[in-house]
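Peer 1: Here it is, the structure in full.
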Amino acid sequence: MRTQRFDFGLETITRRSVDDEDHLPAEGKSAPVYLPDGLKLDEILAPPSLDERLTRLLQPEFLDPELLEPRVLSQTRQEASWIMGVCAERSSGDSKAVLDAAAKLCHGEVLLDDEVRLALAALLKG
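Counted from 1, the sequence shown has number 102 at position 102 by the UniProt record's numbering; the numbering is strictly sequential.
Below you can see the structure in the form of structure tokens.
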């Protein structure tokens, strides 16, 4: 049997005392700790690109879950089509053409909703 030298193990034993611990100040408040706001610094050093800004601007901050229900979505499209039509009648020039095109687009979506609803009813009827 071969034995190795015994040169490893515990070197020292230290005891922890109360004086070694970190304590709050005895009286009064401590000075506030300076922590730089990393987010603001990142915004300055690495500003978002145009694509990132456009994506952020086009995404809604809050989306009502009820809006995803077919009935509510169809009703919202109908109301949007009506509002765009009324605004187009009151406008003039380029804005009238844009609003009129938007109203026609919304109306087309409403017609597609109706077609989907009729096709679904026919499928369920058998």
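The beta-carbon is built from N, C-alpha and C at its ideal position, and this holds for glycine as well. The structure presented is a predicted model; accordingly, all values stated were derived computationally and were not measured.
Count the other CB atoms, across all protein chains shown, that sit within 10 Å of the CB of residue 103; report buried if there are 16 or more and exposed otherwise.
Peer 2: In the sequence shown, counting from the first residue as 1, residue 103 sits at position 103. Counting Cβ neighbours within 10 Å, residue 103 comes out buried, since at least 16 surround it.
Peer 1: If you drop the 5 nearest sequence neighbours on each side, which residues of the same chain put their C-beta closer than 6 Å to that of residue 99?
Peer 2: Within the sequence shown, the letter at position 99 stands for residue 99. Result list for residue 99: 84, 87, 88 and 91, in chain order.
Peer 1: Over the uninterrupted alpha helix (DSSP H) stretch that includes residue 85, give me the two end residues.
Peer 2: For the purposes of this step, residue 85 is taken as residue 85 along the sequence shown, with counting starting at 1. Run containing residue 85: 70-90, per the alpha helix (DSSP H) assignment.
Peer 1: Give the C-beta separation of residue 106 and residue 81 to the nearest angstrom, bearing in mind that I take them to be a contact with Cβ-Cβ under 8 Å.
Peer 2: Taking the sequence shown and counting its residues from 1, one reaches residue 106 at position 106. Taking the sequence shown and counting its residues from 1, one reaches residue 81 at position 81. That belief holds up - the Cβ atoms of residue 106 and residue 81 are roughly 4 Å apart, short of 8 Å.
Peer 1: Just reading off the alpha helix (DSSP H) that residue 108 is part of, what are its end residues?
Peer 2: Along the sequence shown, one-based indexing puts residue 108 at 108. Here the alpha helix (DSSP H) through residue 108 covers 94-125.
Peer 1: With a threshold of 8 Å on Cβ separation, who are the neighbours of residue 110 within its own chain once the five nearest residues in sequence on each side are excluded?
Peer 2: Translated into the one-based positions of the sequence shown, residue 110 becomes position 110. Around residue 110: 74, 77, 78 and 81.
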